[in-house]
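A.B. asks: Numbers 110 to 500, taken from the numbering used here, label the letters of the sequence shown in order.
C-beta atoms are modelled at their ideal positions from N, C-alpha and C, and glycine is treated no differently.
All values derive from a computational prediction rather than experimental measurement.
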Amino acid sequence: MKIHEYQAKNILKEYAIPIQDGFIIENIDDAQKIISQVKSNFNSKDVVVKAQIHAGGRGKGGGVKFCPDGKDALDACNKILGMNLITHQTGPEGQKVRKVYITQAFDIAKEFYVGITMDRKTGKDVFMVSTEGGMEIEEVAKKTPDKIIKVWIDPLEGLRSFQLSKLARGLNLKGKQYKQAIKILSSMYICFKEKDVSLLEINPLIESDSGEIIAVDAKMNFDSNALFRHTDIIGMRDINEEEETEYEASKYELNYIKLDGNVGCMVNGAGLAMATMDIIKINGGEPANFLDVGGAANSETVKNGFKIILKDKNVKSILINIFGGIVRCDRVAEGVIQAIKELSLNVPVVVRLEGTNCEIAKKIISDSGLEILPADSMLDAAKKVVLASKN
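Rendered as structure tokens:
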């Protein structure tokens with residue numbers, strides 16, 4: 110789960126990490142009051158107006174404006190609030206800005222990047238720092254990889270003092286700023302572990318002209334499987350920033366990710382779902398989604414799966430690929446027939462069922478009188494569903 114910059118900063122503030130602070134507006138009528146409040150509360154003659162969407166590159170897209178006076182700030186709020194902001198992470202369709210963050214401004218002496226995530230290859234947390242703050246870390250890694258300092262942290266041991274020192278030295282800081290960086294980096298890792306964060310980035314972390322180290326931007330993603338431990342974070346979810354069908358699927362406890370193809374997929378098990386998408390592509394098709402209905406597929410699950418898939422108008426055919434281990438294939442077959450009748454499907458459906466009671470299931474489908482295309486193998490299913498999508 111992702112959250113907005115202002116929410117991530119509020120969490121950092123809980124861990125005594127200095128932030129570029131401010132206030133949120135969702136209605137332009139509140140802008141003038143909040144601009145004045147920011148100037149007064151934070152003793153800042155200038156302010157920064159920032160679009161709040163779940164994407165990077167906001168500044169390049171026109172979603173971040175430095176404002177030297179109140180009139181400029183009000184103009185920026187009028188332009189940004191409600192705009193369709195397009196960045197390299199939103200895609201060409203962009204994202205509507207529903208919230209604007211009005212913050213204090215700083216004179217910046219230096220910019221740094223600091224971030225923590227999980228390195229799945231090593232099974233450890235990786236903490237990265239760079240003196241090339243304010244840039245996309247991917248670009249830094251590509252062009253000047255030597256400027257990214259990394260330490261790998263055993264999650265059972267935690268962040269060791271020598272690793273902390275290596276990171277702080279990697280920022281080329283000395284004296285007071287070095288000590289401030291040590292505290293911030295240490296607090297970041299505590300936050301990362303306590304809040305079950307999957308990605309924590311501060312970019313840029315700055316040294317102001319007065320010598321203070323401050324988080325000017327922040328990004329946090331969370332392990333969705335651990336959110337039951339954090340009801341406060343669940344409350345930060347912004348469904349306007351999520352794909353509508355993905356949010357709808359989550360209400361049915363379905364694992365769904367929308368893709369750009371036209372072959373809908375309904376599969377039980379993440380591994381089988383990935384293999385199904387691969388074999389569709391190998392046979393010249395393009396998957397429209399990843400959809401794992403889980404190990405207990407039944408008529409209700411199948412029906413909800415169909416509803417989610419059919420919300421995508423690009424879908425021209427659907428492949429149901431179920432392996433009956435825990436779930437019985439005959440029950441899945443009954444669910445498929447019931448769902449097709451109830452929803453009056455008008456796209457071709459290919460069904461491949463293997464495992465417990467698969468022969469009974471095949472007979473149920475053949476006797477249904479519905480135009481369901483049976484498949485004997487994954488390859489057979491992929492060929493049929495791709496052909497159906499083209500016809």
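Would you say N371 and A397 are within 8 Å of each other, going by their C-beta atoms?
C.D. replies: Yes, they are a contact pair.
A.B. asks: What are the partner residues of N193, as DSSP defines its beta bridges?
C.D. replies: K205, per the DSSP bridge assignment.
A.B. asks: My understanding is that S498 touches S426, with C-beta atoms under 8 Å, so please give their C-beta distance in whole angstroms.
C.D. replies: So it is a contact: roughly 4 Å between Cβ atoms.
A.B. asks: Between the Cα of G380 and those of P457, A160, G403, spot the shortest distance and give me the residue it belongs to.
C.D. replies: Closest by alpha carbon: G403.
A.B. asks: Going straight from the alpha carbon of V249 to that of F415, what length do you get?
C.D. replies: Rounded to whole angstroms, V249 to F415 spans 43 Å at the Cα level.
A.B. asks: Leaving out the 5 sequence neighbours to the left and right, which residues in its chain are closer than 8 Å to S317 when beta-carbon positions are compared?
C.D. replies: F215, D216, I217, A218, I323, listed in sequence order.
A.B. asks: Does D401 pass the burial test, meaning 16 or more other C-beta atoms within 10 Å, or should it be called exposed?
C.D. replies: With 16 or more Cβ atoms within 10 Å of its Cβ, D401 is classed as buried.
A.B. asks: Judging by CA-CA distance, which residue of Q272, E321, I311, L452 is the nearest neighbour of N330?
C.D. replies: Cα-wise, what sits closest to N330 is I311.
A.B. asks: Check V494 in the structure and name its three-state DSSP category.
C.D. replies: Helix at V494.
A.B. asks: Would you report the Cα separation of A335 and D305, rounded to the nearest angstrom?
C.D. replies: Straight-line Cα distance between these residues: approximately 6 Å.
A.B. asks: Just list the residues that DSSP pairs P400 with in beta bridges.
C.D. replies: Before going on, a small fix: residue 400 reads as Leu here, not Pro. Answer by DSSP bridge pairing, in chain order: Y365.
A.B. asks: Please go through the region 295-349 and give each complete alpha helix (DSSP H) segment of 4 or more residues, from N-terminal end onward.
C.D. replies: List check, alpha helix (DSSP H) in window: 340-343.
A.B. asks: Among G232, D234, K230, K256, which has the Cα closest to the Cα of G242?
C.D. replies: For the residues G232, D234, K230, K256, the minimum Cα distance to G242 belongs to K256.
A.B. asks: Let me check understanding here. Comparing Cα to Cα, which of H163, V459, S153, E451 lies closest to K111?
C.D. replies: For the residues H163, V459, S153, E451, the minimum Cα distance to K111 belongs to H163.
A.B. asks: Whole angstroms is fine: what's the gap from I195's alpha carbon to K205's?
C.D. replies: So the alpha carbons of these two residues sit roughly 9 Å apart.
A.B. asks: Have a look at N466 and G434 and give me their C-alpha separation to the nearest angstrom.
C.D. replies: The straight-line gap from Cα to Cα measures roughly 10 Å.
A.B. asks: For E114, which residues from the same chain have a beta carbon less than 8 Å from its beta carbon, with the 5 sequence-adjacent residues on both sides left out?
C.D. replies: Correct list, in chain order: K159, Q161, Y210, D326, A327, K328.
A.B. asks: Am I right that F236 and Y298 are in contact with their C-beta atoms under 8 Å? What's the rounded C-beta distance?
C.D. replies: Confirmed, Cβ separation roughly 7 Å.
A.B. asks: Report back the beta-carbon spacing between A484 and V459 to the nearest angstrom; my notes put them in contact at under 8 Å.
C.D. replies: Yes, they are in contact, since the Cβ atoms of A484 and V459 sit about 6 Å apart, within 8 Å.
A.B. asks: Please name the residue, chosen from L268, I418, S307, that lies closest to K292 on a Cα-to-Cα basis.
C.D. replies: Of L268, I418, S307, the residue nearest in Cα terms is L268.
A.B. asks: State buried or exposed for N377, treating a residue as buried only when at least 16 other CB atoms are found within 10 Å of its CB.
C.D. replies: Burial call: buried.
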